[in-house]
Amino acid sequence: GAGVSQSPRYKVAKRGQDVALRCDPISGHVSLFWYQQALGQGPEFLTYFQNEAQLDKSGLPSDRFFAERPEGSVSTLKIQRTQQEDSAVYLCASSLTGDTQYFGPGTRLTVL
Amino acid sequence: QKEVEQDPGPLSVPEGAIVSLNCTYSNSAFQYFMWYRQYSRKGPELLMYTYSSGNKEDGRFTAQVDKSSKYISLFIRDSQPSDSATYLCAMSGGSSNTGKLIFGQGTTLQVKP
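Written out as structure tokens, the structure is:
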């Protein structure tokens, strides 16, 4: 089915490296969300896009985190100079109307 | 104190039991309440979506919202081993709402055959 897809599924980075995580939302979905899920915890909001506009980035933990959605479809979450505390699963969700969100499988990031 | 509190469990029940999962919250502005199921190494899957107070039933699942008590519940009837997963409550709402979800920690459920 045409659900939300994310790539890569797994990423191992050395501390200090930059990483880029990709999200392909469901076709036609206007809203796109990024969440961070630490081990044993619920997902925590990072940022929100409506089409190409980033309307809320209040959850980004530091200026090392950057997200974009230049054409209003695919989105990329970039983390610069990764730290061990960045190790988590990064989830992307899309929504047609902003209420019901459909999640992708996530990217599991491990920073060594 | 977190905005949404959820007992992480684990909760272990025999097959066929009725399961009750709960969350409490502190933000009275929340209006939309959801339950997601998450299998190991998978993304969350939406189970139930409720607006404001009341009950909603879908097959073996019943969601209840009590806004006056700031308490939501998910009941699973005739539980199956395939229901073994982590259950996440989530909510959103408020005047400045962008639709972002606030999640509980998740409750791990194991249904034993």
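So the protein lines, in turn, are chains F and H. If you're matching positions, the first sequence starts at 1423 in the numbering used here and goes up one per residue. If you're matching positions, the second sequence starts at 227 in the numbering used here and goes up one per residue. C-beta atoms are modelled at their ideal positions from N, C-alpha and C, and glycine is treated no differently.
- Query: Measuring CB to CB, does residue 237/H end up less than 8 Å from residue 299/H?
  - Reply: no
- Straight-line CA distance for residue 278/H to residue 1482/F? 29 Å
- Query: Whose C-beta lies closer than 7 Å to the C-beta of residue 1437/F among residues of the same chain, with five residues either side of it excluded?
  - Reply: 1504, 1505, 1506, 1533 and 1534
- Taking 8 Å as the cut-off, decide whether the C-beta atoms of residue 1464/F and residue 227/H are in contact. no
- Message: Residues of chain F with CB closer than 8 Å to the CB of residue 314/H, please, in chain order.
- Response: 1464 and 1465
- Confirm, please, whether the CB-CB distance from residue 1528/F to residue 1511/F is below 8 Å. yes
- Task: Output, in sequence order along the chain, the residues in the stretch 260 to 280 of chain H whose CB is closer than 9 Å to any CB in chain F.
- Result: Of all residues in the stretch 260 to 280 of chain H, 260, 262, 264, 267, 268, 269, 270, 271, 272, 275 and 277 have a Cβ within less than 9 Å of some Cβ in chain F.
- Item | Beta-carbon neighbours of residue 1485/F, restricted to chain H and to distances below 9 Å | Here the premise fails: no neighbours, minimum Cβ distance about 20 Å.
- Taking only beta-carbon positions, decide if residue 251/H is within less than 8 Å of chain F. no
- Message: For residue 1452/F and residue 1518/F, which I take to be in contact (beta-carbon distance under 8 Å), what is that distance rounded to the nearest angstrom?
- Response: For residue 1452/F against residue 1518/F, the beta-carbon gap comes to about 7 Å, under 8 Å, which counts as contact.
- Query: Ordered along the chain, which non-local residues of its own chain (more than five positions away) have a Cβ less than 8 Å from that of residue 1431/F?
  - Reply: 1527, 1528, 1529 and 1530
- chain H contact for residue 1522/F (CB, 8 Å cutoff): yes
- Can you check the stretch 251 to 298 of chain H for any beta strand (DSSP E) of at least 3 residues that lies completely inside it and give the ranges in chain order? If we require 3 residues or more, the beta strand (DSSP E) runs fully inside the stretch 251 to 298 of chain H come out as 258 to 264, 271 to 277, 280 to 284 and 287 to 292.
- Task: For chain H, find out if any of its Cβ atoms is closer than 8 Å to the Cβ of residue 1527/F; answer yes or no.
- Result: yes
- Task: With a 10 Å radius around its C-beta and 16 neighbouring C-beta atoms as the bar for buried, classify residue 285/H as buried or exposed.
- Result: exposed
- Task: Note down the Cα distance separating residue 1488/F from residue 241/H, rounded to an integer number of angstroms.
- Result: 45 Å
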